[in-house]
Structure formats: C-alpha cells, structure tokens
Amino acid sequence: MTGLTLTDIRKSYGSVDVIHGIDLEIQEGEFVVFVGPSGCGKSTLLRMIAGLEDITGGTLKIDGETVNDIPPSKRGIAMVFQSYALYPHMTVYDNMAFGMRIAKESKEEIDRRVRSAAAILQLEPYLDRLPKALSGGQRQRVAIGRAICRDPKVFLFDEPLSNLDAALRVATRIEINKLHESMPNSTMIYVTHDQVEAMTLADRIVVLSAGHIEQVGAPIELYNRPANLFVAQFIGSPAMNIIPAKIESAGAQTTVTLTGGKSVTVDIPTDPAESGKEASFGVRPEDLTVAEGDDFIFEGEVALAEQLGEVTLYYIEGLVKDQPIIAKMPGNHPSRRGERVRFTAGRETLHLFDAAGQTYRRSSDG
Amino acid sequence: MNPLVQGLITIVIGVGGCVGYFYLSNLVVDHLIFPAKGKNAGRNINRANKVRPWLFLFPAIFALGLYLVYPVVGSFWRSLFNRAGTDFIGLGNYMALAASDEFRTAVLNNFLWVLFVPAGATAFGLLAAQLTDKMRWGNVAKSLIFMPMAISFVGASLIWKFVYANNADIGLINAVREALGASGPIDVLQIPFWNNFFLMVILIWIQTGFAMVILSAALRGIPEETVEAAVIDGANPFQIFFKIKVPQMMGTIVVVWTTITILVLKVFDIVYTMTGGNFGTQILPSYMMAYMFRDDGRATAVAFVIMLIVLPVMIWNIRQARRELR
Ligand SMILES: Nc1ncnc2c1ncn2[C@@H]1O[C@H](COP(=O)(O)OP(=O)(O)O)[C@@H](O)[C@H]1O
Ligand SMILES: [Mg+2]
Chain U
534 MTGLTLTDIR KSYGSVDVIH GIDLEIQEGE FVVFVGPSGC GKSTLLRMIA
584 GLEDITGGTL KIDGETVNDI PPSKRGIAMV FQSYALYPHM TVYDNMAFGM
634 RIAKESKEEI DRRVRSAAAI LQLEPYLDRL PKALSGGQRQ RVAIGRAICR
684 DPKVFLFDEP LSNLDAALRV ATRIEINKLH ESMPNSTMIY VTHDQVEAMT
734 LADRIVVLSA GHIEQVGAPI ELYNRPANLF VAQFIGSPAM NIIPAKIESA
784 GAQTTVTLTG GKSVTVDIPT DPAESGKEAS FGVRPEDLTV AEGDDFIFEG
834 EVALAEQLGE VTLYYIEGLV KDQPIIAKMP GNHPSRRGER VRFTAGRETL
884 HLFDAAGQTY RRSSDG
Chain E
71 MNPLVQGLIT IVIGVGGCVG YFYLSNLVVD HLIFPAKGKN AGRNINRANK
121 VRPWLFLFPA IFALGLYLVY PVVGSFWRSL FNRAGTDFIG LGNYMALAAS
171 DEFRTAVLNN FLWVLFVPAG ATAFGLLAAQ LTDKMRWGNV AKSLIFMPMA
221 ISFVGASLIW KFVYANNADI GLINAVREAL GASGPIDVLQ IPFWNNFFLM
271 VILIWIQTGF AMVILSAALR GIPEETVEAA VIDGANPFQI FFKIKVPQMM
321 GTIVVVWTTI TILVLKVFDI VYTMTGGNFG TQILPSYMMA YMFRDDGRAT
371 AVAFVIMLIV LPVMIWNIRQ ARRELR
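Taken in sequence, the protein lines are chains U and E. For what it's worth, the working numbering labels the leading residue of the first sequence as 534, then goes sequentially. For what it's worth, the working numbering labels the leading residue of the second sequence as 71, then goes sequentially.
Spelled out as structure tokens, the structure:
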C-alpha cells in the first residue's frame with residue numbers, strides 16, 4: 534500500500550524556484566531519508582508534506598488522498614523539528630497532551646497515550662518538568678513523544694539530531710531506529726545533511742541537490758552504484774576520488790587515459806561513439822591499496838599521512854589540481870610521507886562518468 | 071565672561087576633578103592606608119583591592135543619594151510639618167488626608183485607573199501587535215498607533231477636549247449622538263462615575279502605542295517552530311494566540327502592565343487639564359497638585375502615599391524585567 538505519492542511537486546518563492554518538480558513514491562512503513570547539501574530544499578520539501586508551506590505545483594497524496602489543500606493537522610502527520618519546538622511554558626506531559634486536548638480526546642485516552650509514549654522514550658521521571666529543565670537529548674525525546682502521541686500515519690523529522698552533541702547524536706539515532714522497528718506501519722521521512730545518518734537510518738535514500746532528485750535508492754545501492762558524479766561524491770566519507778580522464782577505446786571494456794598519462798582499463802561497457810570523449814574516473818578512498826609491482830592505477834607523492842590506528846589515510850597531491858587524492862586503508866601503515874607510491878584497486882570497484890557527470894553503467898546493472 | 075571660556079573651564083574642572091579624585095583617592099589607599107610594603111604587604115594589597123571598587127562607586131552613590139534619597143527623606147520630613155513649614159505636627163497631615171472625602175475619592179478613582187488603564191492599554195497593545203504582525207501595511211499601522219506617544223499628556227488632553235466637547239458641531243461624541251437622533255448635547259465629563267472612564271480612555275489611547283511596540287518585539291521573539299508545532303497539533307488561530315503565544319510573552323506582558331501601572335500613579339496632567347479634579351474625577355497625583363504651593367505639608371504627604379503605593383509595583387516590575395533579560 535502506498536504511503537505517500539509526490540507528483541511533480543514544485544515550490545517557488547515569488548520568482549525564485551526552489552523545488553523543481555519532485556516525483557516520488559513512498560511505501561507505507563518505509564523509512565525514507567532526504568539527504569543533500571545545505572540549501573538544496575530538503576526542509577522546504579518536508580514542510581510542504583507537513584502543510585507548513587503551500588505547494589506551488591503538483592499533487593501530494595497521503596494514503597491515496599490528495600492533501601494539497603488540507604490543513605497540517607488533518608494530514609495524519611507529525612513533525613519533529615531541529616530546534617525541538619517544545620512549548621516552553623508547558624510541562625513535558627502537557628507538551629505531549631496538547632494536540633489531543635485540542636482534539637478533545639477524553640482524559641483517560643490522553644493519559645494512556647502520553648504514558649505509553651513516555652514509557653517508550655524513558656521519559657516517565659520527567660513528565661512534570663518544564664522543557665528548560667531537560668537536557669538537549671531529553672528535549673528531543675519529548676518532541677518525538679509528542680509526535681508519537683499524535684498517532685500519525687507519517688512521521689516527519691527535520692534534522693532532529695543536529696543540535697545534539699556527537700555522542701548523544703549516535704544514541705538518539707539508534708533510538709529513532711528502534712522506534713521505527715517498533716512501529717512498522719508508520720512511514721517516516723527524515724531530513725538530514727549528514728550522509729552517515731542517511732546511510733544508517735534509511736530504507737531508501739533520496740539524494741537532493743538544488744531542488745531536484747539526483748537519485749533514489751537503498752543506501753548500499755547508492756554507495757555501490759551512484760547514478761552520477763554528485764551522488765558518488767556525496768555518499769561516502771571521505772568522498773570518492775575523481776580523476777579527469779579521456780576515453781581511449783570504447784567497447785565491452787573501456788580503456789581510459791588518466792591525467793598524467795596512465796592508461797587504465799575498466800570492465801564498464803561503453804558505446805563506440807564515446808571513444809575520444811572526456812570522462813571522469815572515480816575510485817573510493819577505501820577501495821585503494823598500495824600496488825606491488827607494475828599493475829597500478831596511478832602513482833603519486835604522499836603529501837600527508839594520517840594514522841588513526843584503525844585506518845591510515847594517505848593524501849596524494851599533484852595528480853589532480855588543488856584536490857588531493859585520498860587513500861584509506863584499514864589498519865596501521867607506515868607514514869611514507871614524501872615517497873612516491875603506486876596505488877591500485879579492484880576492477881569491480883572502479884567508476885566511470887561521462888562529461889555530463891552521468892555514470893557509465895556496468896553490464897551487471899541491467 | 072565669554073561663554074566659550076566658561077564652558078572650557080567647566081570641562082577642565084570637571085574632567086580634572088574626576089581624574090584628580092580617582093588618582094588621589096587611589097594614592098591615599100595604596101600608600102597611606104594600606105601601603106604595599108612592610109611585613110603586611112600581601113594583606114594590605116588584598117585589602118586595598120577590596121576597598122578600590124568603592125572608591126570608584128563613591129561618586130555615583132553620592133550623586134544618587136543626593137538626588138534620590140535626599141528628596142525622599144526630605145519630602146517625608148516636610149510632610150510632618152504644617153502648611154507654612156514652621157510647626158512640626160507629626161502625622162497631622164496624614165490624619166487630615168484620612169479624614170478627607172476628596173482624598174478618599176481620589177484613592178478610589180486611582181484604584182479604578184490602576185485597574186483599567188494598564189489592562190486596557192496592554193490588551194489593545196497586544197491586539198495591535200498581533201494584528202499588525204506580518205501584515206503588509208503593518209508598519210504604517212504601527213506608526214499611527216504609536217503616534218499618541220509623541221504627544222504630551224496636556225496636548226492629548228486638549229485633543230480629547232474637542233472629542234468630548236459639549237457641542238455636536240465640535241465634539242465627536244455628541245456629533246455621533248446627534249446623528250443617531252439623540253436630543254441635545256451632553257457633557258460626558260460631568261456624568262458622575264463614568265466620567266472617570268472617559269478620562270482613562272485618553273491615557274489608554276496614549277499608552278497603547280507603547281504596549282504595542284514592546285509586545286511586537288516579544289511576539290517576534292517567539293520561536294516560529296512552536297507556532298508551527300501548534301498548527302500541526304491542530305490548534306486554531308485563537309488557541310495559538312492564547313495558549314502558545316501569550317503564555318510565552320507573559321514576562322513581557324507583566325513588564326508592560328506594571329510599567330503602565332507606575333505611570334498611572336504619576337500622571338496628573340489629564341485630570342488636571344480636563345476637569346481639574348472636579349465632578350468626582352480626582353486622582354492622587356492631581357490631588358497632590360491641587361495642594362502644591364498652597365499647602366506643601368499636605369502635598370508632600372500625598373506624594374509619600376503615592377510613593378508607598380508605587381514601590382511594590384516598581385520592585386515587581388524591575389524583578390520581572392531582569393528575569394526577561396536573562
Ligand atoms: N521564505 C523563503 N523565501 C525565499 N527563499 C527561501 C525561503 N525559504 C527557503 N528559501 C530558499 O529555499 C532553498 C531551500 O531551503 P531549505 O529547504 O531550507 O534548504 P535545506 O533544508 O535543504 O537546507 C534555499 O536556497 C533557501 O534560500
Ligand atoms: Mg533545512
């Protein structure tokens with residue numbers, strides 16, 4: 534069953550177009566994360582779903598019903614804000630009960646729902662406190678509790694962890710994950726600019742940039758098979774290394790010449806017409822290894838080495854202008870700073886993008 | 071002497087005096103009273119540093135004492151003397167006040183003023199703040215509502231004298247009455263009891279602008295997300311205003327309310343100009359004015375009573391304002 538359907542959703546502020554036509558289907562019970570750089574329109578899109586912003590164009594359906602002109606409270610949604618947005622003059626209990634009191638629920642029902650939400654989020658000892666007497670993590674749990682009390686079809690989260698410190702962020706992330714598992718019928722839409730949050734929480738990630746969708750897919754799919762350069766560089770940390778290249782010979786396998794003159798053959802099929810065109814060659818830092826012998830992809834001087842214990846990062850400069858190539862290798866490796874080192878990677882881990890930034894797909898991708 | 075030279079000399083004496091005072095007083099503390107040598111050098115340095123803030127504070131404390139504390143004490147002292155200031159009569163003036171019908175009327179009326187003017191001005195100010203918020207012509211509307219603040223109380227009273235004029239060709243009220251077919255003009259300032267309210271309207275009219283400006287700022291300070299959360303929770307505009315916005319502005323509302331309350335206990339101009347305290351419209355400040363220069367003993371006694379009434383409101387006001395700042 535369909536949870537949400539977005540058809541050609543657009544948003545303009547006056548003459549400024551912010552969202553340029555989003556088409557998306559979200560299944561009931563799915564956990565979808567909108568991710569993208571700051572200012573790409575994630576919040577705007579979420580707020581349109583919530584009904585806090587008017588939809589300039591397109592249709593939005595929740596549970597099969599068009600809700601473009603339905604007020605937020607009737608859409609069956611609940612929202613958790615980055616700034617918590619708790620009512621500062623109300624106790625934790627009243628914060629969670631407010632919506633139900635407006636809806637004139639019975640006292641018993643309100644009490645039952647508040648207490649069960651408080652139990653899920655371990656907020657019972659704090660029900661009589663004012664928000665200002667809570668820590669950031671507790672406040673955000675109250676905000677989540679308030680959302681649970683609304684018993685919504687769709688939960689909307691707008692960067693709910695951004696105001697928390699790193700340790701709390703991880704803990705709260707895990708809690709949100711558990712919450713989703715305990716409510717398998719609730720659809721959740723979660724906005725973040727943090728790709729780690731996106732990877733860990735999502736059933737499906739929607740990568741947005743400048744008001745349009747770059748790619749939609751499961752986290753691992755986006756990691757392994759990015760549809761374009763933008764997604765390739767956005768997902769994964771450190772970002773994928775991109776080396777300008779030129780296609781030498783197209784075919785079932787493609788041979789490219791990297792800047793610097795080295796020829797590399799990848800098992801990605803290309804149309805013969807592509808021969809001679811500019812392209813971008815991509816390889817993730819974690820796929821690189823130090824090459825033994827003559828079978829290597831590139832060679833360069835290690836400008837900097839970061840030994841973190843669990844991994845070692847080599848920064849190779851001079852190959853691509855103003856952009857070090859990073860190699861991330863598990864375990865402890867010697868610094869090798871100042872040495873010329875050859876690197877290689879498994880053939881199946883290499884990526885190739887055309888001049889417009891679109892991925893040349895592998896034959897196995899279908 | 072040339073005024074320019076006079077001015078320069080004043081500046082030189084003033085600045086030089088300050089510098090000299092701080093220099094010399096520090097010198098005295100550091101070298102004569104607590105010298106930083108000998109066997110108690112360490113202790114003396116500590117003591118000198120404890121004393122030093124008071125050296126710097128002293129001029130301010132002295133000036134405040136001279137201009138704030140002395141008048142209070144002096145007024146109280148004067149209120150214990152007779153009309154001419156020659157005979158000590160103890161609490162005689164206060165007894166006379168307690169026995170005076172006019173004083174009692176003034177207290178009662180003042181009570182009404184304190185009740186209705188801050189309430190009215192705050193309520194209208196809040197309404198104006200909410201209605202002009204995010205409105206396209208909001209700032210123009212705000213300027214218009216704020217305008218009366220720029221008029222003196224006497225000026226405002228004169229304007230309202232026209233509004234209340236006992237003549238349908240001049241007075242707005244009587245013009246409206248005539249248009250509605252009422253017979254003959256009336257003087258609203260002579261209607262017993264209700265005339266008080268016609269006077270209060272003037273102060274409310276003036277103070278609404280003040281309340282609106284402060285409350286507008288408070289309204290802007292409310293986090294937009296709390297309002298959005300309430301929208302999602304299904305609250306209608308009235309519920310959002312009264313259950314989400316007003317409670318979050320409560321601190322500011324109290325400050326505005328008490329500030330206007332204090333003002334109410336000081337304003338004599340309106341009553342003085344409009345009715346001169348006649349027709350049962352006397353309030354404490356105008357009552358005080360009525361005695362000033364005729365019987366300073368009585369007048370200072372009234373002033374002291376007013377101060378006693380204002381003081382607790384003032385303390386509350388300052389406390390609340392401090393809490394708002396935090
Ligand atoms: N009220 C507004 N008026 C004009 N432009 C806006 C408004 N709100 C947001 N924008 C613009 O819309 C774009 C997307 O904003 P937003 O959805 O908040 O981004 P994100 O949440 O992805 O960081 C930004 O470029 C922002 O400047
Ligand atoms: Mg945002």
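All C-beta atoms, glycine included, are put in the ideal place defined by N, C-alpha and C. Predicted model only: the values in this text are computed from it and were never measured.
Return yes when at least one heavy atom of ligand 2 lies under 8 Å from the C-beta of residue i, else no.
i             : result
residue 724/U : yes
residue 692/U : yes
residue 748/U : no
residue 615/U : yes
What residue from the options has the CA that sits closest to residue i's CA?
i             : options                    : result
residue 844/U : 865/U, 886/U, 688/U        : 865/U
residue 95/E  : 82/E, 110/E, 116/E, 122/E  : 122/E
residue 644/U : 675/U, 594/U, 682/U        : 682/U
residue 877/U : 822/U, 867/U, 809/U, 848/U : 822/U
residue 568/U : 696/U, 746/U, 604/U        : 746/U
residue 873/U : 852/U, 558/U, 882/U        : 852/U
residue 283/E : 212/E, 99/E, 163/E         : 212/E
residue 605/U : 587/U, 617/U, 622/U, 620/U : 587/U
residue 267/E : 157/E, 345/E, 361/E        : 345/E
residue 160/E : 376/E, 387/E, 371/E        : 371/E
residue 749/U : 549/U, 548/U, 538/U, 566/U : 566/U
residue 191/E : 202/E, 215/E, 203/E, 261/E : 215/E
residue 675/U : 547/U, 815/U, 630/U, 740/U : 630/U
residue 157/E : 83/E, 126/E, 365/E         : 365/E
residue 828/U : 868/U, 875/U, 792/U        : 875/U
residue 265/E : 179/E, 225/E, 248/E, 206/E : 179/E
residue 835/U : 814/U, 859/U, 723/U, 870/U : 870/U
Going by beta carbon distance, what residues of the same chain come within less than 7 Å of residue i, once the five residues before and after it are set aside?
i             : result
residue 379/E : 335
residue 592/U : 540, 599, 601
residue 395/E : none
residue 166/E : 368
residue 374/E : 145, 146, 149
residue 585/U : 605
residue 324/E : 390
Between residue i and the rest of its own chain, which residues show a CB-CB distance below 6 Å, the 5 nearest in sequence each way excluded?
i             : result
residue 752/U : 732, 735, 738
residue 890/U : 761, 762
residue 230/E : 272
residue 281/E : 191, 192, 195, 326
Spatial neighbours of residue i within its chain, please: C-beta separation below 8 Å, excluding the five flanking residues on both sides.
i             : result
residue 341/E : 269, 347, 351, 352, 353, 355, 356
residue 899/U : Reliability of the predicted coordinates at residue 899/U is poor, the pLDDT of 48 falling under 50, and the value obtained from them is presented with this limitation in mind. Cβ within range, chain order: n/a, list empty.
residue 297/E : 310, 314, 315
residue 784/U : 802, 803, 805
residue 118/E : 99, 100, 103, 104, 106
residue 662/U : 624, 625
residue 671/U : 656, 659
When you measure from the CB of residue i to every non-hydrogen atom of ligand 4, does any distance come out below 8 Å?
i             : result
residue 586/U : As for ligand 4, it is missing from this structure, which binds only ligand 1 and ligand 2.
Q. So which residues put a beta carbon under 5 Å from any heavy atom of ligand 1, going in chain order?
A. 546/U, 551/U, 571/U, 572/U, 573/U, 574/U, 575/U, 576/U, 577/U
Q: Could you please tell me which residues of the stretch 624 to 640 of chain U, in chain order, have their CB closer than 7 Å to any CB of chain E?
A: 631, 632, 635, 636
Q.
By the 9 Å beta-carbon criterion, what residues does the stretch 292 to 309 of chain E contribute toward chain U?
A. 293, 294, 295, 296, 297, 298, 299, 300, 301, 302, 303, 304, 305, 306, 309
Q.
Output needed in chain order: residues of the stretch 569 to 586 of chain U with a Cβ under 9 Å from some Cβ in chain E.
A. 580, 583, 584, 585
Q) For the stretch 308 to 339 of chain E, which residues have a beta carbon sitting closer than 9 Å to at least one beta carbon of chain U? A) 309, 313, 314, 317, 318, 320
Q. Of all the residues that make up the stretch 597 to 610 of chain U, which are near chain E by a beta-carbon distance shorter than 9 Å?
A. 604, 605, 606, 607, 608, 610
Q.
Output needed in chain order: residues of the stretch 687 to 717 of chain U with a Cβ under 8 Å from some Cβ in chain E.
A. none
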